[in-house]
Every structure is written in structure tokens, then in C-alpha cells.
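One structure is given here, and the rest of the page talks about it.
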Amino acid sequence: MSHAPTRIGGSAFNHSQSADAEAAYDRLRDQARSEQSQHQHYAAEARKAYERGDGATAHEMSTKSKQYAAKADEYNKQASDYIFRENNAVGRVDGDTIDLHGQFVEEAEEIVTQRIKYAQQTGQSHLHVIVGKGNHSANHIQKIKPAVENICKDLGLNYHTEQNEGRIYVDLTGGQARPPTNYGGAPQNYDQQQYGQPQYQTAYPLGGNPQYGGQQQQHHQQQQGPQEHFDYAGEAKKYMPLAKKIFYLLKSCFR
Numbered sequence: 001m002s003h004a005p006t007r008i009g010g011s012a013f014n015h016s017q018s019a020d021a022e023a024a025y026d027r028l029r030d031q032a033r034s035e036q037s038q039h040q041h042y043a044a045e046a047r048k049a050y051e052r053g054d055g056a057t058a059h060e061m062s063t064k065s066k067q068y069a070a071k072a073d074e075y076n077k078q079a080s081d082y083i084f085r086e087n088n089a090v091g092r093v094d095g096d097t098i099d100l101h102g103q104f105v106e107e108a109e110e111i112v113t114q115r116i117k118y119a120q121q122t123g124q125s126h127l128h129v130i131v132g133k134g135n136h137s138a139n140h141i142q143k144i145k146p147a148v149e150n151i152c153k154d155l156g157l158n159y160h161t162e163q164n165e166g167r168i169y170v171d172l173t174g175g176q177a178r179p180p181t182n183y184g185g186a187p188q189n190y191d192q193q194q195y196g197q198p199q200y201q202t203a204y205p206l207g208g209n210p211q212y213g214g215q216q217q218q219h220h221q222q223q224q225g226p227q228e229h230f231d232y233a234g235e236a237k238k239y240m241p242l243a244k245k246i247f248y249l250l251k252s253c254f255r
């Protein structure tokens, strides 16, 4: 599933980034576009072969088309993850805020859905979603904002456009969506523990820590520092035998 090239903002970053960081992000998107171009080329060749009755060539071209589409998706996933971690690192946004700059619409939808689920599971009352004003979109039409609004509607959540039209306030309690009147939108150094782990560790659903290769990955590690990941599955497996013993012991007491 290849993403349409629609993202918010003139710049993918919400901060003063290094030239290397911007180049790394742009390189991934460029690679995705290149693979997508090849995907479209071979898809067209497959159709031509099919129309002239050449089933073998049609199958070969179709297979190549799918391979290039998969590569395009992978590069886009890496770009999405990279820019998300850059823009949502601790100190760049508050713990109750998620920034979607640099995301394609489908990527933003997945990220917001995951972030809302995490916020609800950890007892958060609201979420500020930076969606952009659409100033740099085709015809200045916002693409991500209506997508986020539809997600809120589907989940039965109230939302409200903030004073900054590029932001949405989402109420997670079932009440009316009324953002604080004194909320200016800049990071306010909230205690991250109040909102759980840093956003880039909790709100990104497209998978783990992809390797970007060479200098790009090294740059990312220098910015974020070493990260420790808790092995939930391993810990659960470790204590499963004890849990089973307790269960059967309790069960025998009520016979």
C-alpha cells in the first residue's frame, strides 16, 4: 500500500534541524518516490501485456511492480518514523501533544489512532494534535485535519480546533472539547511521567527501530541517545508457570 505524497507544512521539521537530518529525511522520501515510479511503470507494462494476451510477461511485470511498491512503502515507513521521532522527542513537544509534520495522510491516521489508544490506556484526559494549516498543500486544502477529525468521530471523541487553526484539541474523557484558554502551544516542560513515555516510544505504530543505514542511523542515535526497551513478552512468559500454579490452587479451594 503506497502512500499518496501529501504531507503538512513547508518543512517536515518543527524545530531548527541540522542539514544532515533534513537530508536524511528527504533522501528516504526521494527513494520512496523513485521506487513508486518504477512500480507504476511495471504496472503499466503488465496491463499492456495482459491486453495483448501475453500472460507470462504480464505476470513477470506484475511481480516486479509489486516488488517496487513494497520497497516504496518501506522507505516511506522509515521516513515517517524518522521525522516522527525528530518532531516528538522530549523537549520539542509536551507530553500531551503529538506533532504530525512530515507525515503522509495514511501515516498520520495510523499514528493518531495509536496515540489516542495509548492516551486512553494511561488515563490521559486530552490530546493536542498538530495537523498543520494546509498552507503548503495543493490549493491550500488541509488533508490531515479532516482525517484526524474523522478518526475522532469514529471513536466517539469530541474535538475542537484551537486558536491556532493548525492544532486540534481532543477530549478523551467524553466531555466537551475545550482547550485551556492560556494554552499557547509551545512546549511547557510538563512532567513526562504524567503522560507516560516519550511520544516517539509510544505513539508510533509502524514498527520498532528501523535501520536507516550509515550516517543517518548514527545521527539519530546521537540525538536520542541509547534507548532501553522492556521485554514485556519475555517477562510474561517467565511468570506464566507461577500464574498457572496460583490459578489451579485457587480453583481447588472453591471445589
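First residue of the sequence shown? That's 1 in the UniProt record's numbering, and the numbers climb one at a time after it.
C-beta: ideal position from N, C-alpha, C; glycine also.
Spell out the partners DSSP gives residue i in its beta bridges.
i, result
"R167", "I130"
"V93", "V90"
Any idea what DSSP makes of residue i, helix, strand or coil?
i, result
"I151", "helix"
"I116", "helix"
"D99", "strand"
"T173", "coil"
"T161", "strand"
"K66", "helix"
"R52", "coil"
"D143", "One point to set straight first is that residue 143 is Lys, not Asp, in the sequence displayed. Here K143 sits in coil by DSSP."
"P226", "Only weak support is given to the placement of P226: the predicted model assigns it a pLDDT of 37, under 50, and the value that follows is read from those uncertain coordinates. Residue state, collapsed to three classes: coil."
"Q124", "coil"
With burial defined as no fewer than 16 other Cβ atoms inside 10 Å of the residue's Cβ, what is the status of residue i: buried or exposed?
i, result
"S65", "buried"
"I98", "buried"
"I141", "exposed"
"G156", "exposed"
"R52", "exposed"
"D20", "exposed"
"G123", "exposed"
"D94", "buried"
"G213", "Because G213 carries a pLDDT of 34, less than 50, the predicted location of this residue cannot be relied on, and the following value inherits that uncertainty. With fewer than 16 other Cβ atoms within 10 Å, it is exposed."
Using a Cβ-Cβ distance cut-off of 8 angstroms, determine whether residue i contacts chain C.
i, result
"Q121", "Protein chain content of the structure displayed is limited to a single chain, and chain C is not contained in it."
Can you name, in chain order, every residue of its own chain whose Cβ lies under 6 angstroms from the Cβ of residue i, other than the five neighbours on each side?
i, result
"A43", "S65"
"Y82", "Y25"
"Q215", "Note that Q215 has pLDDT 37, beneath the 50 cutoff, so the model's placement of it is unreliable and no number is given."
"R29", "A79"
Under 7 angstroms Cβ to Cβ from residue i, same chain only, skipping five residues before and after it: list those, please.
i, result
"residue 332", "The structure shown does not extend to residue 332, since the chain spans only 1 to 255, so no value can be given for it."
"A49", "T57, A58 and M61"
"A70", "none"
"A119", "L127 and L172"
"Q31", "Y75"
"A72", "S2, A32, E35, Q36 and H39"
"A46", "A58, M61, S62 and S65"
"Y68", "E35, Q38, H39 and Y42"
Who are the near neighbours of residue i in its chain, counting only those whose CB is closer than 8 angstroms to its CB and skipping five residues on each side?
i, result
"E165", "K133"
"V131", "I8, L100, A108, Q142, I144, K145, V148, G166, R167 and I168"
"N150", "none"
I'd like to confirm something about residue i: is its beta-carbon nearer than 7 angstroms to some heavy atom of the ligand ATP, or not?
i, result
"V148", "Absence of the ligand ATP from the depicted structure is noted, as is the absence of any ligand whatsoever, leaving it without description."
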